[in-house]
Amino acid sequence: MTISGRTKVLLLAAVGFVLVVVYAPLAVVLVSSFNAESTFGWPPSSFTTKWWESTWHNEGAMEAVRTSAEVGLMATAVALVLGTLAAFALTRYEFFGRESISLLVILPIALPGIVTGLALNSAFTTFLGVGLSVWTVVLAHSTFCIVVVFNNVSARLRQLGGNVEEASMDLGASRWTTFRLLIFPLLRGGLLAGGLLAFALSFDEIIVTRFTADADTMTLPLWILNNLFRPNQTPVINVVGSVLIIASIIPIYLSQKLSGTSTGGRM
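First residue of the sequence shown? That's 1 in UniProt numbering, and the numbers climb one at a time after it.
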């Protein structure tokens, strides 16, 4: 299809506008983290790195980072196991209700976070009668992290097809041997991509976390929200936001390189 010169200019202008709208606010946060003033001002009158040094020694921020990392790793581990099992069951086997179950697996990523958080809060506190803790946060995050792993593994399994497994078992290999020596090595890229995206999704989740965490569980997004309007905390929050922006690029880039495609999520 041939595109006229005027259409190309309009398309480039539209793409440029979208990129500016998306990335200009991120650039403002990065530049503001070096603002010498303790209050937000634009443009910055002078620049300094002292806020980066003070953030490094901020115990509240560092503890929130550790909590977010622990929750993210545990939720990712649960998602890798359950998401992979669900992908195998729904991709390799035909049974009644398969499409309905597939919809139920994917649904948590499509639901608004506030709906998921409210439902899980009611389930934990009212139906099950358990207190909120870091473990309820892990379980809550696992519900939507599973979807990311499920999508990556399902896509990879569909690419592989079933002929390789059938040939392996025809030659005398058991299902476990086939999975361990043949299927798992072929799935490692998809598993790693799904795990990276699941961790990134869990690390910056705030709405579901707010409904399922107790007062002692402070993840980094909750810490940022609680300190957003406190005096003299703006520079520290800008630094934390800058670190998150830089750190988020790594798992997204690696997951795309490993999976060969982009996977959507509630980011």
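Even for Gly, the Cβ is constructed at its ideal location relative to N, Cα and C.
query, result
"3-residue-minimum beta strand (DSSP E) runs that sit fully inside the segment 65-143, ordered along the chain", "none"
"Segment limits, alpha helix (DSSP H) that includes A13", "5-32"
"Span of the alpha helix (DSSP H) around R175", "175-178"
"Runs of alpha helix (DSSP H) wholly within the segment 216-241 (minimum 4 residues, chain order)", "220-227"
"Start-to-end residues for the alpha helix (DSSP H) that takes in S54", "50-56"
"Residues that residue 268 bridges to, as DSSP identifies them", "Because the chain spans 1 through 267 in this model, residue 268 falls outside it and cannot be assessed."
"Three-state secondary structure (DSSP) of L254", "helix"
"Spatial distance of L104 from T212 (CA atoms)", "21 Å"
"Nearest-angstrom Cα separation, counted from A247 out to F184", "28 Å"
"Cβ contact check for the segment 21-31 and the segment 235-246: 3 or more pairs under 8 Å", "yes"
"Where A213 sits in the DSSP three-state scheme", "coil"
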